Structure formats: structure tokens, C-alpha cells
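A short worksheet on the structure shown next.
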Amino acid sequence: MNRTVDVVVLAAGRGKRIHQAFPGVPKVLVPIAGKPMLLRLFDAIEKSGVARGITLVVGPAVESKVFAAIPPDVRLVLQPEPRGTGHAVLCTRPDLGDAENVLVLYGDHPLIREKTIRRLAEKHVASGATLTMATVPLPDFSGWRAGFADWGRVIRNGDGRVQRIVEAKDATGTELRVTEVNPSFLCFRAKWLWDHLPKVGCENAQGEYYLTDLLGLAVSEGVAVETFPLEDAREALGVNTPEQLAQAERMFLEIYK
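Each residue of the sequence shown is one higher than the one before, counting from 946 in our numbering.
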């Protein structure tokens, strides 16, 4: 597959909950198995062979420290204020105007493997879909999967087609019982993405612009939407707390042993 996917990595969060263990260190630079988690993700992206380039979105509180740590070929974009994932991706538009496809990943999700990135991008390009989204099908939210209970639910219709993503904070009791969750690993046709991001609103519990709201727009327009269920749910795990960091370290060593 040619390198026809531009990868956007979101890393604008301050990571307040992990600062107790790593004071002064931006969350995405906290190490996993001895290497900053952001660089673990960059390694997987590069090895996947699908990325035309990487654009990293950061906030002003971490900009200088992250810039000093990243490879010189990574493009850095500033999100001046925390207005949500949709706004963060929109900030990259001036730098990605000629992109064909845009894949969105997260700097605090260091466990995704190169083959998963490659297969997600390949499915998106081969299918001709407007939007391709990874999902995490789970048997339940017990044990190490408990953290997924806070994630957005993938709501499907009777035919099994995805209709929308409902964030846990906005979900009803019935929706919270759904055990297929959204890791927000999303691949878009770039032109459609740029045309529709300005249409996303912020009428939700957080008052933020959710990137995942684009799914509802795609469904309402009847454009092609594909899903990509992850084979290994561990790859979707993120890091927000010292406890999640310890879990991710264990999972990393299991995955890459």
C-alpha cells in the first residue's frame, strides 16, 4: 500500500492525574517500558508503512517540552485552548490541505500495533469508505476491562450498521449496557472531513466538539461507513492515571514479548 494516509496524533491534554507520579512531565512523554509512550506510538506508525506524514496536536502547556522530544519530521500543530477532539483535528487543516485520507490516533494510547494501524488504513482505502472507525467488542467490563466502561458506546441498528457513538456521560442506562466501545481510532476521506468538521456542535455534557459526532453526520447523509473491530482489546487501552500506566506497562510487555 502506498503512503496515502496522513496520521494526526492528538496530544493536547495536560494529563493532570498522572503528574503526581511524573511531576512536570507531559503525559505523552511518560515512559512505557523505558521509552516515552508518544514515541512508542510513532514507532508503530512508521513501521506500519501507511503514513505519508505525522502531524501532532499539542496544547500550549506542553508545546515546548513535546517539541524537544519528537523527531524532526513530525509536524507540530498547536491547539490554543482545550475545545475537544473535533476542534483539535480542525486545527491541522491548514497543514493537511492536500491530504487524501486522515487517520486520527492518540498520543496516550501507546499499545496499538503496527499491523493494526496498517490494516485499518488498508481497509479504509480499499473500501472507498468516507469514514472507517475502529471498535472494541468486549464480553463485559470486568477485570482489566473495567476502564472501558467509561468509553463511548457504539450504537448499531437492527441490521448491525453503526448509527452513532454515545459518550458514557451522555448515555442512557440502556446504552450503557452496550459492550462495544469506541477507541476513537478514525480514518476519513480528507475532503469530507474538512467539509464537515465545522458542522460539529458542542451540545453535550462536556461542552466540547467531539470528533465522533461526525459519524452521525455520515449516517444522516448515507455515505459509506466501515467498522474495524480490534482483534486485541488491549491495543486500545489509554493512560490517564498511575494505575492505568502500570496496567499499560504490563500489557505492553505481554503484547511485545
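Here a beta-carbon is modelled for each residue, glycine too, at the ideal position from N, C-alpha and C.
Since we're looking at a predicted model, the values are computed, not measured.
Item                                                                                               : Value
Limits of the unbroken beta strand (DSSP E) element including R1109                                : V1107 to V1111
Whole-angstrom distance between M1196 and E1180, CA atom to CA atom                                : 8 Å
Closest Cα partner of A1091 within the set A1178, E1008 and I1100                                  : A1178
Inside the segment 1017–1088 only - beta strand (DSSP E) runs reaching at least 3 residues         : 1020–1023, 1046–1051 and 1076–1082
Heavy atom of the ligand HEM within 7 Å of I1100 beta-carbon                                       : Looking for the ligand HEM in the displayed structure turns up nothing, as the structure carries no ligands at all.
C-alpha distance - V1034 paired with D1140, whole-angstrom precision                               : 13 Å
A1116 vs R1098 beta-carbon contact at 8 Å                                                          : yes
CA-to-CA distance, E1045 to A1135, given in whole angstroms                                        : 5 Å
Pair within 8 Å by beta-carbon distance, F987 and I999                                             : yes
R1058 versus I1200: straight-line alpha-carbon distance, rounded                                   : 9 Å
P1174 burial status per 10 Å Cβ neighbour count (16 or more: buried)                               : exposed
Beta carbon of A996 nearer than 8 Å to that of A1074                                               : no
For D951, the residue or residues it bridges with in DSSP                                          : G998 and V1047
Residue environment, T1119, which counts as buried when at least 16 other CB atoms sit within 10 Å : exposed
Simplified DSSP state of A978, which is helix, strand or coil                                      : coil
Delimiting residues of the beta strand (DSSP E) encompassing L1131                                 : L1131 to R1134
Simplified DSSP assignment, three categories, for F1012                                            : helix
CB contact check: G1105 to chain C, cutoff 8 Å                                                     : This model lacks chain C altogether, as it is built from one protein chain only.
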